[in-house]
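Position 145 of the sequence shown, counting from 1, maps to 550 under the working numbering, and the rest follow consecutively. C-beta atoms are modelled at their ideal positions from N, C-alpha and C, and glycine is treated no differently.
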Amino acid sequence: MCGIVGYLGRQDAAPLVLEGLARLEHRGYDSAGVAVLGRTGLKLAKQSGRVRDLADSLPKRFAGTVGIGHTRWATHGPATDANAHPHVDEAGKVAVVHNGILDNSAALRAALTDAGVTLSSDTDTEVLAHLVARSASDTLEGKVRDALAAVVGTYGLAVVHADFPDRIVVARNGSPLIIGVGDKEMFVASDLAAIVRHTTTVAMLDDGELATVTAGGFTTMRHSDLSATGKSASEVDVDASAYDAGDHESFMHKEMLEQPVTARAALRGRLDERFGTAHLGGLDMDARDLRAVRRVKILGCGSAYYVGQMGAALIEELARIPADAEAASEFRYRDPVIEPDTLYVAVSQSGETIDTLLAVQEVRRKGGRCVGLVNVVGSAIARECDGGIYLHAGPEVAVASTKALTNMFLGFALLALQLGRVRDLSIADGKRLIAGLERLPEQIAEVLAGESDLVEVAQTLAGAESLFFIGRVRGYPVAREGAQKFKEISYRHAEAYQTSELKHGPLALISPDVPTVALVPADELAERNVAALHEISARSGPLVVVTHEGVDLGEVDARRIVVPRNEPELDPILLTIPLQLLAYHAAQHLGLDIDKPRNLAKSVTVE
Ligand code: AGP
């Protein structure tokens, strides 16, 4: 969602801030703004719309070597020019950019209005600019401390003040804030993607920290009392090209094609062929802890929830422990019973999804053990968990998750293997699954190599206003994920159903205008699945069937997409890959902005 970028140094700040903001566009936003401190004080430009529109309309005199900028995803108030960040005080000396939500902003706005302050936006953030301006402290750090003492909520923020033109003050509580160290220049950002081309020497603020950033360096402190925390910067191991689409038309395409490589990275060093098990040191659970687990509850949102359902099936099959997945966004609202012998698993690419983070906090508040399956190292969910498995998918930029999702599945397979091998899963079965996991990257590459064969069928599906995705047992979460991908980027109504449920209702909708994408792996349910295809075919419903070699579809008139077979427990991920390609090529055929689908954000950091 929202993004923050700041710069101090010898160069003109605005172009660097705008470049950084453009790098954060994928997170989702609807307005953008920038403020710089120059010789004549604070200058501000902000408007609804794209970063490039802001860049085009920047006033001629907009020079300054200190600057902060923001991309806003509307929460409090619509996406208007006035509501765009930065927000300034009445005198036009203080500018603030903020990610997160201030829970007591209504009361603070009322108090400021009573005190005679004229507010010029509908946002929660604006109160911060006024509170900073009204503080009696004689340092900017003190003014920010005073403002933060009055607010309740989450924030990553950056503040500049015309009376303190050599610095940016940043602070964090629940929303990421990174400081980047350059050569006599400094950067701040909410996401490494914004600054990685300039520096990979960074410090990440912790919750409760504030920092003063000047062109020469930075100092960190607690924002409650400004006592030093002494944080220093370190080198992060990240390849800047991971944030470039390169020769691909979109990040989603690049990320889909990276899957064979990223899948290998998820497995590297974690498979123990000798004992037919997995090693997951980050879980911080020994064999006794693993054996004590009586139930597994997986918590995630959207695609992470659907892959969680695939993971639950894997765990139940391999470890014979009851396991299920639940939408993290609903979890805390039903006052869940937290059981001491249940292992809770939070799954998230970004590690920032607020609903998943709050679910983790609910588990831990009630004494439960929660581990994370997270892609972004050091992210909020990773830190909040008791231990975890990093996904090693590399940065995922496209809103539609592909390579991270595949690695989530692999993470669950490793966890299931480890939980299984301290119980009744035989060494022979453990070795069988390891051999299957080792084959997977090649098989994923094989499916991706068939991309061109899927273009036409994707284009046909794009012509439908509404379509079904169906599957059974292992195939049902695959159907849910396939429908999710399709609707996210093609804006077509795509609905997932259990194949077995068709005739209990949705069959009424089957017609020549409503195609069905059916998952029919070569498993014990294949015959039942084919019977359902006949029912669809008899009602002239167009069919696309993702299946294995050797599955007899009989007389059914269907477009077949054949994927390689692996061990049955691991098949779901191979069935998922063609559904990514179908969604991608449907959206491309419709001429849509694949990496930035309307209304969606890469990291959903607000409730
Ligand atoms: C995936 O394609 C979606 N963009 C979305 O459902 C996503 O999986 C969900 O918002 C959870 O995100 P997370 O993995 O970063 O927690």
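Three or more beta-carbon pairs drawn from the stretch 439-452 and the stretch 492-509 are found closer than 8 Å, and the two stretches are therefore classed as touching. DSSP places Q903 inside the beta strand (DSSP E), whose first and last residues are 898-903.
Taken in chain order, the complete alpha helix (DSSP H) segments of 4 or more residues contained in the stretch 658-741 are 664-672, 692-696, 708-724, 733-736. Of the heavy atoms belonging to ligand 1, at least one sits nearer than 7 Å to the Cβ of K890.
Counting every other CB atom within 10 Å of its CB across the protein chains shown gives T952 a total of 16 or more, marking it as buried. According to the DSSP secondary-structure assignment, A563 is paired through a beta bridge with V502, V575. Taken atom to atom, the span from the alpha-carbon of I999 to that of A854 is near 21 Å. Here R539 carries a helix assignment [DSSP, helix/strand/coil]. With respect to G482, T528 sits close: the two C-beta atoms are nearer than 8 Å.
Distance check between T747 and each of R432, R769, T758 places R769 closest, using alpha-carbon atoms only. In this structure, DSSP gives L423 a helical state, which the three-state scheme calls helix. Spanning the alpha carbons of E757 and V1009 requires a straight line of approximately 7 Å. Leaving aside the five residues that flank S942 on each side, the residues in its chain whose CB is nearer than 7 Å to its CB run, in chain order, L948, V961, D962. Rounded to the nearest angstrom, the gap between the Cα atoms of D829 and V422 is 56 Å. Shortest Cα-Cα distance from V967 to any of M657, S871, K892, P983 involves P983. Around the CB of T559, 16 or more other CB atoms lie within 10 Å, so the residue is classed as buried. A distance below 8 Å separates the beta carbons of P969 and Q848. Relative to ligand 1, C775 has its C-beta separated by 7 Å or more from all heavy atoms. DSSP lists I584 as the bridge partner or partners of A608.
The beta-carbon distance between V925 and V935, rounded to whole angstroms, is 7 Å. This is short enough to meet the 8 Å contact definition. Excluding sequence positions up to five before and after D644, its CB lies within less than 8 Å of the CB of G799, all in the same chain and listed in chain order. When DSSP states are grouped into helix, strand and coil, F873 belongs to the strand group. The C-beta distance from A683 to L819 rounds to 4 Å, short enough to meet the 8 Å contact threshold.
For L763, same chain residues with a beta-carbon under 6 Å away, outside a window of 5 residues either side, are R737 in chain order. At a Cβ-Cβ threshold of 8 Å, R696 and V557 do not count as neighbours. Taking the Cβ of G705 as the reference point, at least one heavy atom of ligand 1 falls within a distance shorter than 7 Å. For K451, the three-state secondary structure derived from DSSP is strand.
Residue state for Y412 is assigned as strand, using DSSP reduced to three classes.
Judged by DSSP secondary structure, E614 falls within the beta strand (DSSP E) whose first and last residues are 614-619. Per the Cβ contact rule, the stretch 609-625 is in contact with the stretch 571-578 (3 or more Cβ pairs under 8 Å). Residue range 622-627 is occupied by the beta strand (DSSP E) that includes F623. Across the set K702, T981, A647, T624, the C-alpha of T624 shows the shortest separation from the C-alpha of R572.
Remark: C-beta atoms of Q864 and A991 approach each other more closely than 8 Å. Between ligand 1 and the CB of S580, the shortest heavy atom gap is not smaller than 7 Å. H909 and A850 have their C-alpha atoms roughly 38 Å apart. Nearest Cα to G587 within the set G622, H566, L597: G622.
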